[in-house]
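What follows is a set of notes on a single structure, which appears directly below.
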Amino acid sequence: MREKLESEIGDLLLSEGVIRERVRALGAEIRNAYAPGSFVLLGLLNGSLLFTADLLREVPPETEVVFWRVKSYRGTNSTGVCEGLEAEGGDFTGRAVLVVDDILDSGCTLQAVDKRLRILGASSVEHCVLLAKRRPRLPGSPLPRWIGFEIPDRFVVGYGLDYNGRYRGLRSIRVLAEGRMAAGLGNRRTES
Ligand code: 5GP
Ligand code: MG
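Read in order, the letters of the sequence shown are residues -16 to 175 in the numbering used here.
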C-alpha cells in the first residue's frame, strides 16, 4: 500500500537500502580523512536534515554539528540567489569545516556558503553532498570531495528533499511526477 502511494509521487531513483549503504561508505571515508574531533559538520537546512543526521552517526562521537538555514529554490527552480546566509554565524575561526548538503545543482549554494565561512575564518572547507545533478555548474563553484550519487538533471524529492514543503519524510528518493508539479500546490517557496 505504502509502496503504491509512494510510486504516485514519482518514479523511484534511490531506495532506502541503497541510500543507507552509501551513507555508511561516505561515513567511513570521512572517518579516514579527519582525526576524531578535528572538524565540524555544517548541515544546510532544511534539505540535508536526514542526510546530516545519518552521517553524524557514522563519524566519531566527538564530532560537533552545526546547522545553517539556506534557501535557493522556489518550487522546482533555482532562484540563483542563496538567501539567509547573512544571518548565519558561529565560531569557525581556525576550524576545519565539512559542509553537508542534500544536492548539488548550479553550485550557487555551496559557493555562497564557502564565501561566508571564509569571512568567519574557517581554516579549511570541504563538501559532502548526497546527490549531484549531471549539469554544468557556475564557474568557480566548489567541487565536493564527497558525492554520494550522480543523478540526472531532474527534480527529486524524499530523504529530506521537498517540493513546496512536502515529501521530506520519504525514505527513498524519487523523481517528482509531472502531475504532482501541476497539481496546484501553489508557489509557496520551497524550504530547501
Ligand atoms: P544550487 O544552489 O546548487 O543550485 O542548488 C542546491 C540547493 O537547491 C539544494 O540545497 C536544494 O535545497 C535545492 N535543490 C536543488 N535541486 C533540487 C531538487 O531536485 N529537489 C529539491 N527538493 N531541492 C533541490
Ligand atoms: Mg538545500
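Glycine included, C-beta positions come from ideal geometry on N, C-alpha and C.
Please read these numbers as outputs of a predicted model, since none were measured by experiment.
By the three-class DSSP mapping on this structure, what secondary structure does residue i have?
{"i": "V96", "result": "helix"}
{"i": "V1", "result": "helix"}
{"i": "L126", "result": "coil"}
{"i": "F34", "result": "helix"}
{"i": "L(-5)", "result": "strand"}
{"i": "R171", "result": "Note that R171 has pLDDT 43, beneath the 50 cutoff, so the model's placement of it is unreliable and no number is given."}
{"i": "N60", "result": "strand"}
{"i": "V108", "result": "strand"}
{"i": "G26", "result": "strand"}
{"i": "S55", "result": "strand"}
{"i": "L103", "result": "coil"}
{"i": "E(-11)", "result": "helix"}
{"i": "V49", "result": "strand"}
Going by DSSP, what residues sit across from residue i in a beta bridge?
{"i": "V140", "result": "R157"}
{"i": "I134", "result": "K116"}
{"i": "L87", "result": "A115"}
{"i": "V80", "result": "V23, V108"}
Between residue i and residue j, is the Cβ-Cβ spacing less than 8 Å?
{"i": "L38", "j": "L24", "result": "yes"}
{"i": "C91", "j": "C111", "result": "no"}
{"i": "Y146", "j": "L153", "result": "no"}
{"i": "V53", "j": "T35", "result": "no"}
{"i": "M164", "j": "T62", "result": "no"}
{"i": "D136", "j": "R117", "result": "yes"}
{"i": "A79", "j": "F22", "result": "yes"}
{"i": "V108", "j": "L(-4)", "result": "no"}
{"i": "L144", "j": "R99", "result": "no"}
{"i": "L81", "j": "I2", "result": "no"}
Exercise. Evaluate contact between the stretch 130 to 140 and the stretch 97 to 106, counting only Cβ atoms and requiring at least three cross-stretch pairs below 8 Å.
Key: By the Cβ criterion, the stretch 130 to 140 is not in contact with the stretch 97 to 106, since fewer than three pairs of Cβ atoms, one from each stretch, lie closer than 8 Å.
Self-check item: Contact the stretch 116 to 127 vs the stretch 28 to 44: 3+ CB pairs below 8 Å
Solution: At 8 Å Cβ cutoff, the stretches do not touch.
Quiz item: If we count Cβ pairs, one from each stretch, closer than 8 Å, do we get three or more for the stretch 24 to 34 versus the stretch 76 to 88?
Solution: Yes, since at least three Cβ pairs between the stretch 24 to 34 and the stretch 76 to 88 fall closer than 8 Å, the two stretches touch.
Quiz item: Are the stretch -13 to 3 and the stretch 148 to 167 in contact at 8 Å, needing three or more beta carbon pairs?
Solution: With a cut-off of 8 Å, the stretch 148 to 167 and the stretch -13 to 3 count as touching, because enough Cβ pairs lie within range.
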